[in-house]
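Protein sequences, first through last, are from chains Y and S.
Under my numbering, residues 1 to 507 are what the first sequence spells out, in order.
Under my numbering, residues 1001 to 1097 are what the second sequence spells out, in order.
Beta carbons are placed, not taken as given, at the ideal position from N, Cα and C, and that holds for glycine.
In this text, all values refer to a predicted model and were calculated from it rather than measured experimentally.
For reference, the structure is listed below as structure tokens.
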Amino acid sequence: MAFDLSQSMQLIAALTPDIIMMVGGMVLMLVSAWGTESVERQRRVGTAAIGVCIVSAVFVVYFMAVHATAGSGVIAVDNFRWIVDLVLLAATAGTIALGLDYNTREGILPAESHVLVIFATSGMMILAAARDLTIVFLGIELMSIAVYILTGMNRRSEKSAEGAIKYFLLGAFSTGFLLYGIALVYGATGTTSLTLIGERVAAHQIMSAPMLLTGIGLMLIGFGFKVALAPFHMWAPDVYEGAPTPITAYMAAAVKAAAFAAFLRVFLEAFAGEIPSWHVAVWWLAAITMVVGNLIALASKDIKRLLAYSSIAHAGYILVVLASGQALGSSAFLFYIVAYTLATFGAFGVVVALGQSGEPYLNVDDYAGLWTVRPWLSVSMAVCMLSLLGFPIFGGAGFFAKWYVIQSALYAPEPQTRLAVLLVLTSVISAGYYMYVVLVMFMKPRREVNTVSDPRSVGAATRWVIGLSTVILLFLGVYPNALVSLTQGKGSYLRAPTPQVSQVVPR
Amino acid sequence: MLAESLGLSAILFVIGVVGVLTRRNAIIIFMCVELMLNAVNLTFVALSRYYGMGGQVFVLFVMTVAAAEAAVGLAIIISIFRHRQTVDLRNINVMKG
């Protein structure tokens, strides 16, 4: 099946999964605004929102099965997009499922909290598809504006409001950089289409080289803020701590995956011709992010902050893929986000399951002796922690995720050996905090008073999220080929187009 | 003409960035961000004289998004004001960062 994107009907057809999310979101927004707020209404709208995700996922799988392709146009139709879409939709369904129980407990009544997740996801899916800088900008903003609101969704919590204002101000600030970068790239090349930019950059048909390089640098800063690379990570811990826990999981997994998908596509498809000039910057960003994220995580005791710094470290690992700057990298990236999303949702699922109203006990030491009262939750948490660490067998797919990233670094045209070594060394450092969580749960005696480990019933939706993530993680740890055949399939690789020298620079 | 317009928009952008980094009032920071976005708009309009309509269409998108962002941003600023009775970021520090 091949789409001709110059015809509007075919363009709409190629965007079916994204449009389903948008229309579903608008209908649900009307439904949730129609009537009084109540717990039942919130749960009903949430369930319907999960249904919208499933319908959209069915279309994504269908397009994947028929190997849909498209000619050049403003959006991409390839395997890379579909796999990222599936990860995003799974993360969305997980967020809403965790939100059903979490919102009930915390008394967050507005049903719009689930609808906004749907809107943010439609922006992310657009971002995964974008093959034009205009679409990249619109996708990022559609995603960010919805997530700013979601961060501040718990209106009674001062932390939530503080997280929202920090995220909003820094997010808008970074958008400014991204946008100015886009403007300068447009100025240098005369187009916003990634394909055309790629051709013109490779053929050196640009108006002004300093303008292009400044543009690339500013876009790097803009994307760096969005995916929380050090030194642009300062907002992340506060925002992750302040946001409602399901939204924290959503930001750590889905927002990061979507922003990285666009990041990789822009840099590998459009700026591949300039690799020598941006490679050093990306190399250092990856190195600093891995070191800073892991070292500060060692010092964190709050479980949400710990996972926030761990997510910064993982952004560094993923950036190694970009630093290797080649096709194999994009399939390593796809495998990585699947494993990372599953592990993140498992871990945050346990945090939601053990939380109490107002979330007073989030210190890692409050999990002491969890094994004796909640054996299954402790086992799931341990699997997710080992997966984030990259431990073989017990850590499930996490090991292979890091394995493929290291492989893509070592087999690059210019092998990134030092970066691969740094990745392994920082992973060893990360054992210091991941293993500490496991150790506390299994080896320390249970505290007597008021700890989170008091047995309480866990909501059905939360249980499903934790169970499914853990089981799929372990399954992929034994049979990684089930996923590898997908991520290495046709259309999974991002490649720069071959330059066509005949074209002339626009006036 | 192009060089002057691009220079002016670069200066406006830098003023916006410096404002965000030095001021501590949430509303003034937000105004500086808007200044950055408008500097970008000026760049696009100046460039579209050379490249055609593409840049001007982008400006319309930027203005739409900036309006949506302003609506959400002011709502967030109001919600923090209800908690702290201030919009000064020096006083908004329940969390460590």
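- In the same chain as VAL282/Y, and ignoring 5 residues on each side of it, the C-beta atoms closer than 7 Å to its own belong to LEU319, LEU322 and ALA323, in chain order.
- The DSSP assignment places complete alpha helix (DSSP H) segments of no fewer than 4 residues inside the segment 241–273 of chain Y at 245–250 and 256–265, in order along the chain.
- Scanning its chain for C-beta atoms nearer than 7 Å, with the 5 sequence neighbours on each side dropped, one finds around LEU1089/S the residues ARG1024 and ALA1026, in chain order.
- Contact with chain S is absent for PHE267/Y, since none of that chain's Cβ atoms lies less than 8 Å from the residue's Cβ.
- For the segment 146–177 of chain Y, residues whose beta-carbon sits nearer than 7 Å to a beta-carbon of chain S comprise TYR148, ILE149, GLY152, ARG155, GLU158, LYS159, ALA161, GLU162, ALA164, ILE165, PHE168, LEU169, ALA172, PHE173 and GLY176.
- In this structure, the straight-line span from the alpha carbon of THR69/Y to that of VAL227/Y is close to 29 Å.
- Note on geometry: alpha-carbon atoms of GLY467/Y and ALA339/Y lie some 15 Å from one another.
- DSSP places THR134/Y inside the alpha helix (DSSP H), whose first and last residues are 133–151.
- Within the same chain, Cβ atoms closer than 8 Å to the Cβ of ILE140/Y are found at GLY123, LEU127, THR175, LEU178, LYS226, ALA259 and ALA262, the five residues on either side in sequence being excluded.
- In the DSSP assignment, GLY94/Y falls within the unbroken alpha helix (DSSP H) covering 79–106.
- Interface criterion met: the Cβ of VAL1094/S is under 8 Å from a Cβ in chain Y.
- With 16 or more other Cβ atoms inside 10 Å of its own Cβ, VAL351/Y counts as buried.
- For GLY1007/S, there are no neighbours in chain Y by C-beta distance under 9 Å, as the nearest C-beta there is about 12 Å away.
- For the segment 1066–1079 of chain S, the set of residues with a beta-carbon nearer than 7 Å to any beta-carbon of chain Y comprises ALA1068, GLU1069, VAL1072, GLY1073, ILE1076, ILE1077 and SER1079, in chain order.
- ASP101/Y and ALA111/Y have their C-alpha atoms some 13 Å from each other.
- In terms of beta-carbon proximity, TYR186/Y lines the interface with chain S, with at least one pair separated by less than 8 Å.
- The shortest C-alpha to C-alpha distance from VAL428/Y to any of TRP371/Y, LEU483/Y and SER310/Y is the one to SER310/Y.
- Between LEU218/Y and PHE271/Y, the alpha-carbon positions lie close to 13 Å from each other.
- Out of SER1005/S, ALA1003/S, PHE1044/S and ILE1029/S, the CA that lies nearest to the CA of PHE173/Y is found in ILE1029/S.
- Close partners of GLY1019/S in chain Y (Cβ separation under 7 Å) are lacking, with about 10 Å as the shortest Cβ gap.
- Taking the CA atoms as reference points, TYR336/Y sits about 39 Å from MET1031/S.
- The beta carbons of VAL1062/S and ASN1091/S sit about 32 Å from each other, so the pair does not count as a contact at 8 Å.
- The DSSP-derived three-state label of THR69/Y is strand.
- DSSP places SER157/Y in the coil class of the three-state scheme, outside both helix and strand.
- Of all residues in the segment 115–146 of chain Y, those with a C-beta nearer than 8 Å to a C-beta of chain S are THR134, PHE137, LEU138, GLU141 and ILE145, reading in chain order.
- In the structure shown, ASP1088/S falls within a strand segment according to DSSP collapsed to helix, strand and coil.
- Excluding five sequence positions before and after ILE50/Y, the CB atoms of its chain that fall closer than 6 Å to its own CB belong to ALA93 and ILE96, given in chain order.
- Counting only the Cα atoms, PHE63/Y lies some 9 Å from PRO17/Y.
- Pairwise C-beta distances place the segment 468–481 of chain Y out of contact with the segment 1010–1020 of chain S, as fewer than three of them are shorter than 8 Å.
- Here LEU370/Y is actually not in contact with LEU362/Y; their C-beta atoms are around 13 Å apart, not less than 8 Å.
- Sorting GLN326/Y, ILE206/Y, GLN205/Y and GLY390/Y by C-alpha distance to the C-alpha of SER408/Y places GLN326/Y at the top.
- When C-beta distances to chain Y are compared with 8 Å, the residues of the segment 1021–1045 of chain S below that value are ALA1026, ILE1029, PHE1030, VAL1033, MET1036, LEU1037, ALA1039, VAL1040, THR1043 and PHE1044, in chain order.
- Using a Cβ-Cβ distance cut-off of 8 Å, the segment 201–221 of chain Y and the segment 237–257 of chain Y are not in contact, since fewer than three pairs of beta carbons, one from each stretch, lie closer than that value.
- Burial check for TYR411/Y: the Cβ neighbour count within 10 Å stays below 16, so the residue is exposed.
- Contact of VAL1062/S with chain Y by beta-carbon distance below 7 Å involves LEU179.
- By the beta-carbon neighbour count (other beta carbons within 10 angstroms, threshold 16), ILE83/Y is buried.
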